[in-house]
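K.L.:
Residue numbering for the sequence shown follows the numbering used here, starting at 2 and increasing by one per position. Glycine included, C-beta positions come from ideal geometry on N, C-alpha and C. Because the structure is a prediction, the values reported are computed rather than measured.
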Amino acid sequence: MGGVSFSGSTITELTFVAMLDTGWYIPDFRGAKRLLWGWGPSFSASNLTTFLMEPFDDSFPEHYICKNWGSKSCTWNYRGFGPCRRSSIDCSSSEYSSTPWCQGIEFYDPNRTGYYPNLNTINTYYVRPYSDGQCWNSQSSTIGAGQNAFCHVGSSGNPSCIDTFCNPNGTLTLKDSDNVAICSKAGESVTLGSRTIICSNPVHV
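#1: If we count the other Cβ atoms within 10 Å of its Cβ and call it buried at 16 or more, is Pro203 buried or exposed?
#2: On the CB-based measure, 16 or more other CB atoms within 10 Å of its CB, does Val18 come out buried or exposed?
#3: So if DSSP puts Arg87 in a beta bridge, which residue, or which two residues, is it bridged to?
#4: May I ask which residues mark the beginning and end of the alpha helix (DSSP H) holding Asp22?
#5: From the DSSP secondary-structure annotation, give me the bridge partner or partners of Gln135.
#6: Distance, Cα to Cα, Thr23 vs Gly145?
#7: Go through its chain and collect everything with a Cβ distance to Leu193's Cβ below 6 angstroms, but skip five positions before and after it.
#8: Looking at the unbroken beta strand (DSSP E) that takes in Ile27, where does it start and where does it end?
#9: Of the residues Ser185, Cys162 and Ser74, which one's Cα is nearest the Cα of Leu173?
#10: Using the three-state DSSP reduction, which class does Lys186 fall into: helix, strand or coil?
#11: Could you compute how far the alpha carbon of Cys85 sits from the alpha carbon of Ser95?
#12: Give every residue of the same chain whose Cβ lies closer than 6 angstroms to the Cβ of Val128, excluding the five residues on either side of it in the sequence, and list them in chain order.
#13: Please identify the residue among Ile27, Pro160 and Trp70 whose C-alpha is closest to the C-alpha of Tyr79.
#14: Pick helix, strand or coil for Asn170, following the three-state DSSP scheme.
#15: Could you tell me if Gly195 is buried or exposed, where buried requires 16 or more neighbouring beta carbons within 10 angstroms of its beta carbon?
#16: Check each candidate in Ile198, Glu189 and Gly158 and name the one with the smallest Cα separation from Asp164.
#17: When you compare only the Cα positions, how much space is there between Trp137 and Phe166?
#18: Mapping the DSSP letters down to three states, classify Ser74 as helix, strand or coil.
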């Protein structure tokens, strides 16, 4: 394999983070902007060697793409919450043909083998945050919103914003007024005051 350099060429952010998460590419970040997503551990506990070989709905982890339309959940970065919504994109239209989602078809289904009923349509499910469901925005009317707030889901299934701090040992400390709870793994139930919280994955927060 030989290296090739093209002047002025760019790739989409989605393509870049997909390449980064394979573990095969080591980018030079000097002078580059900070990524909000795209590190291998943001997808799983280790770099993935098979990403992205299937449609987004199948290959993206649950915290990126939701499964149950209409249900409320945390956004992919746990900085907000909202309903699970469907976005249908017709890749045969000029409006969407150049989008990363449509260009992705050439990567994971170049022969149009039929992952979707309409081979040129992508149905993507994702959590669209409510306007008042932004945990990071201290001006939000959401209870618990603030600079250190992240989304966690309660035992009732309702998401909420809770002050969250990362610990050196890989656990999370949740704080609500005078109440404190420690999350050590995803799916763990902890008591925070009068609430039972289902811990988000510390690796992803």
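P.N.:
The answer reads as follows:
#1: Stepping through the sequence shown from its first residue, residue 203 is reached at position 202. So Pro203 ends up on the buried side.
#2: If you number the sequence shown from 1, residue 18 lands on position 17. The residue in question, Val18, is buried, as its Cβ has 16 or more Cβ neighbours within 10 Å.
#3: Along the sequence shown, read from residue 1 onward, the residue named residue 87 stands at position 86. Paired residues: Tyr126.
#4: Here residue 22 refers to the residue found at position 21 when the sequence shown is read from its first residue. Its alpha helix (DSSP H) spans residues Glu14 to Thr23.
#5: The count along the sequence shown starts at 1 and reaches residue 135 at position 134. Gly81.
#6: Within the sequence shown, numbered from 1, the residue matching residue 23 stands at position 22. Within the sequence shown, numbered from 1, the residue matching residue 145 stands at position 144. Distance between the alpha carbons of Thr23 and Gly145: 36 angstroms.
#7: Start at 1 with the first residue of the sequence shown, and residue 193 comes out as number 192. These residues qualify, in order along the chain: Leu175, Asp177, Asn180 and Ala182.
#8: Here residue 27 refers to the residue found at position 26 of the sequence shown. No beta strand (DSSP E) holds Ile27; DSSP gives it neither H nor E.
#9: Reading the sequence shown from its first residue, position 172 is the one you call residue 173. Taking only the C-alpha atoms, the option nearest Leu173 is Ser185.
#10: As a first step, residue 186 is located in the sequence shown; it is residue number 185 there, counting from the start. Lys186 falls in the coil class under three-state DSSP.
#11: By one-based count along the sequence shown, residue 85 stands at place 84. By one-based count along the sequence shown, residue 95 stands at place 94. Taking the straight line from one Cα to the other gives about 27 angstroms.
#12: Counting from 1 along the sequence shown, the entry for residue 128 is found at position 127. Closer than 6 angstroms at Cβ, skipping near neighbours: Cys67, Ser74, Thr76, Gly83 and Cys85.
#13: Residue mapping note: residue 79 aligns to position 78 of the sequence shown, counting from 1. The shortest C-alpha separation from Tyr79 is found at Pro160.
#14: Residue mapping note: residue 170 aligns to position 169 of the sequence shown, counting from 1. Coil, per DSSP.
#15: Residue numbering aside, residue 195 sits at position 194 when the sequence shown is read from its first letter. Inspection of the sequence shows that residue 195 is occupied by Ser rather than by Gly. By the 10 Å Cβ count, Ser195 comes out exposed.
#16: As a position in the sequence shown, residue 164 is number 163, starting the count at 1. Nearest option by C-alpha distance: Ile198.
#17: Taking the first residue of the sequence shown as 1, we reach residue 137 at position 136. Taking the first residue of the sequence shown as 1, we reach residue 166 at position 165. Between Trp137 and Phe166, the C-alpha separation is close to 13 angstroms.
#18: Taking the sequence shown and counting its residues from 1, one reaches residue 74 at position 73. Ser74 falls in the strand class under three-state DSSP.
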